[in-house]
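**Student:**
Residue numbers (this note's numbering), protein chains in the order written: chain E, 142 to 244; chain U, 2 to 165; chain C, 1411 to 1775.
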């Protein structure tokens, strides 16, 4: 059964969520919220992949989504461990204050 | 999924995503993220991707965001940000950039051929179909991903354990 | 279309009704069975005009009324919205899982065959795991929203325990999936109707005994019952993560505890003990191995199957209650060690052995 909504609607929704995620990464200063906005962007891309998989009739899109999810899980684990280690050293999660690598 | 249902769910997704990005408290952002992921899972079911939808709930909403919540609560990271998130010029540029991305995608969409949905093969989107693709054409990325997960586990444990 | 919607609604409501009745029975059993085990009489003080009903009046009428009428206290400076949402986040996923548990085979009504399962998902088992992972939020948000250091610790510990045992549960289920080659719970229940050597019903326990033990232990740990109830530990931490809850919200947490007990019982029944299968009962009546066949109308068959399912679920609920009142509590590090270093390798080994056996059996067939 064809999806009731045309493909472009799904792609438009995905673009909007991706844009919201980008704005979140650029504007927020709390590292955890930046991380969550990155997860939003990844999910918007997942929606695009699944929509195209449906529209082209190929399962490859869903396989790629499977990999994106797995890599996002690994990335979340390592990223949060980094944040833990950072917090232990510097007692702050404000991205404006974590600037030691800047010249 | 009919158009009105799609529109309703899309509005909810956008509202939840805005809450993730805009709410001052990280705990509420995390809860809004769970809502967003769950609603996206509903979209996946509507797109005949049942296994991916359930995996989204199990992995993303059920494990990754729980990890976020753990870190927020253990480190007590809910103090509001010490100064306003960013100056007005930065916000303006960021929102402009977001609109720019959306506009770019909309322009690209004009070139997508308005093809009707082809007849889907039997059992599209269920476990057997995904497994068939995964273990034949994509077996190398699959093995590499398992190595990646192992490396991530070792790295995370190493980073998070106290040194000395 | 309207007939389809009506039938689907009726099925879902019936599944929920069945589950909640057994939850009520579970509450009653808890008081009475614990009393029997501890050599006392149990709750029998509340009575209506002298009729105490063996304690039914106390447990099923007086207790809920007491909970609902108590003052609902929200701690000062706590997060009110999260304090309100947490018990809902605990109860709703537990109840939602009953949508995929089959309580009967088919009912032939008005020319159509109604599949007696709330929602026919071809990824039913994964839906169960998904709802189990969503159940963690109730615990972690309750601990957080209470603005109480010890509630927070209880919440963190409880959710860490839940996600650890989810892994073992999932791996135990892989063995079941390998055996039946499907994720749909109704198909798994149906596949257990076969007869081995002509007389033995091929229930799941014969194929996956180790998975049964692992799943039962992981299920009890997932619902934070004794012996795994350190996050709650009534005698030590007051109530752990739901200390600051009173009245109706406390009732919701208690209820989600019993709903999960019934849920674990229902899943164990469906996966390992034939679900709604009555031995030798097929869709059209009994077919005994010695040749007798008794024809029965579809409604009677369905009623027999639903009754069998309910009885099996009640039996496993009773088992979990007896376990609760017999075993002492695990210490937290013992608990985590059992989950990660005990159940996880065992269920991995089970997966490998099951896969090998399925491969060899398939090659021989």
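Each residue gets a CB set at the ideal place from its N, CA and C atoms; glycine is no exception.
Predicted, not measured: the structure shown is a model, and the values here were computed from it.
(1) To the nearest angstrom, how far is it from the Cα of residue 1682/C to the Cα of residue 1615/C?
(2) Are the CB atoms of residue 1593/C and residue 1535/C nearer to each other than 8 angstroms?
(3) If you draw a straight line from the C-alpha of residue 1775/C to the C-alpha of residue 1769/C, how long is it?
(4) With 16 other CB atoms within 10 Å as the buried threshold, where does residue 1659/C fall?
(5) For residue 1521/C, which option in 1538/C, 1705/C, 1711/C, 1413/C has the closest C-alpha, if you only look at C-alpha atoms?
(6) How many whole angstroms separate the CB atoms of residue 1500/C and residue 1548/C, which I take to be in contact at a CB cut-off of 8 angstroms?
(7) Under three-state DSSP, which class holds residue 143/E?
(8) By Cβ distance, which residues of its chain are closer than 8 angstroms to residue 1633/C, with the 5 residues on each side in sequence left out?
(9) Does the CB of residue 61/U have a neighbour CB from chain E at under 8 angstroms?
(10) Can you tell me the Cβ-Cβ gap for residue 18/U and residue 181/E, rounded? I've got them flagged as a contact below 8 angstroms.
(11) Thinking C-beta only, is residue 56/U closer than 8 angstroms to residue 207/E?
(12) Establish whether the CB of residue 90/U and some CB of chain E are separated by less than 8 angstroms.
(13) Note down, one range per segment and in chain order, each alpha helix (DSSP H) of at least 4 residues found wholly within the segment 1535-1612 of chain C.
(14) Restricting to Cα atoms, I'd like to know which of 1650/C, 1765/C, 1539/C, 1433/C is closest to residue 1474/C.
(15) Spell out a yes or no on whether the segment 220-232 of chain E and the segment 58-75 of chain U are touching, meaning 3 or more CB-CB pairs, one atom from each, closer than 8 angstroms.
(16) Taking Cβ positions only, does residue 1540/C come closer than 8 angstroms to chain U?
(17) Name, please, each residue of chain U whose Cβ falls closer than 8 angstroms to the Cβ of residue 1575/C.
(18) Mapping the DSSP letters down to three states, classify residue 1454/C as helix, strand or coil.
(19) Tell me residue 1696/C's beta-bridge partners as DSSP assigns them.
(20) Please decide whether residue 16/U counts as near chain E, where near means a Cβ-Cβ distance under 8 angstroms.
(21) Does any residue of chain C have a CB that is nearer than 8 angstroms to the CB of residue 33/U?
(22) Taking only beta-carbon positions, decide if residue 121/U is within less than 8 angstroms of chain E.
(23) Closer than 7 angstroms by C-beta to residue 1416/C: which residues in its own chain qualify, once you throw out the five before and the five after it? Chain order, please.
(24) Which of helix, strand or coil does DSSP assign to residue 165/U?
(25) Any beta carbon from chain U within less than 8 angstroms of residue 186/E's own beta carbon?
(26) If you compare alpha carbons, which of 218/E, 221/E, 198/E is closest to residue 124/U?
(27) Could you tell me the boundaries of the alpha helix (DSSP H) in which residue 1503/C lies?
(28) Measuring only the C-alpha atoms, how far is residue 34/U from residue 1697/C?
(29) Kindly confirm or deny that the segment 1536-1555 of chain C and the segment 1492-1510 of chain C touch, where touching means at least three C-beta pairs closer than 8 angstroms.
(30) Hey, how far is the Cα of residue 1530/C from the Cα of residue 128/U?
(31) Which residues, in order along the segment 157-190 of chain E, keep a beta-carbon less than 8 angstroms from a beta-carbon of chain U?
(32) Could you list which residues in chain E have their beta carbon closer than 7 angstroms to that of residue 139/U, in chain order?
(33) Mind checking residue 1686/C: buried by the 16 CB within 10 Å criterion, or exposed?
(34) I'd like the ranges of any alpha helix (DSSP H) spanning at least 4 consecutive residues and lying wholly in the segment 1632-1689 of chain C.
(35) Counting contacts by CB-CB distance shorter than 8 angstroms, is residue 125/U in contact with chain E?
(36) Which class does residue 1511/C belong to by DSSP, given the choice of helix, strand or coil?
**Tutor:** If we stick to the structure as given:
(1) So the alpha carbons of these two residues sit roughly 5 angstroms apart.
(2) In this structure, the beta-carbon distance from residue 1593/C to residue 1535/C falls below 8 angstroms.
(3) Reliability of the predicted coordinates at residue 1775/C is poor, the pLDDT of 43 falling under 50, and no value is obtained from them.
(4) Classification of residue 1659/C: buried, given that the 10 Å Cβ count is 16 or more.
(5) 1413/C
(6) 3 angstroms
(7) Confidence at residue 143/E is low in this model, with a pLDDT of 49, below 50, so the placement of that residue should be treated as unreliable; the coordinate-derived value is given next. DSSP places residue 143/E in coil when its eight states are reduced to three.
(8) 1667, 1670, 1671, 1673, 1674
(9) yes
(10) 6 angstroms
(11) yes
(12) no
(13) Runs found: 1546-1555, 1559-1590, 1595-1601.
(14) 1433/C
(15) Result yes; three or more Cβ-Cβ pairs closer than 8 angstroms.
(16) yes
(17) Residues of chain U passing the Cβ test: none, with the nearest at roughly 13 angstroms.
(18) coil
(19) 1691/C, 1704/C
(20) For residue 16/U, no Cβ of chain E is located within less than 8 angstroms of the residue's own Cβ.
(21) no
(22) yes
(23) none
(24) Confidence at residue 165/U is low in this model, with a pLDDT of 42, below 50, so its placement is unreliable and the value that follows should be read with caution. Under the three-state reduction of DSSP output, residue 165/U falls in the coil class, being neither helix nor strand.
(25) False, the Cβ-Cβ gap to chain U never drops below 8 angstroms.
(26) 198/E
(27) 1490-1506
(28) 54 angstroms
(29) yes
(30) Near 15 angstroms, if we compare the C-alpha coordinates of residue 128/U and residue 1530/C.
(31) 157, 158, 159, 160, 161, 162, 163, 164, 165, 167, 168, 169, 170, 171, 173, 174, 176, 177, 178, 180, 181, 184, 187, 188
(32) Per Cβ cutoff of 7 angstroms: 204.
(33) Classification of residue 1686/C: buried, given that the 10 Å Cβ count is 16 or more.
(34) 1658-1682
(35) So, interface residue.
(36) coil
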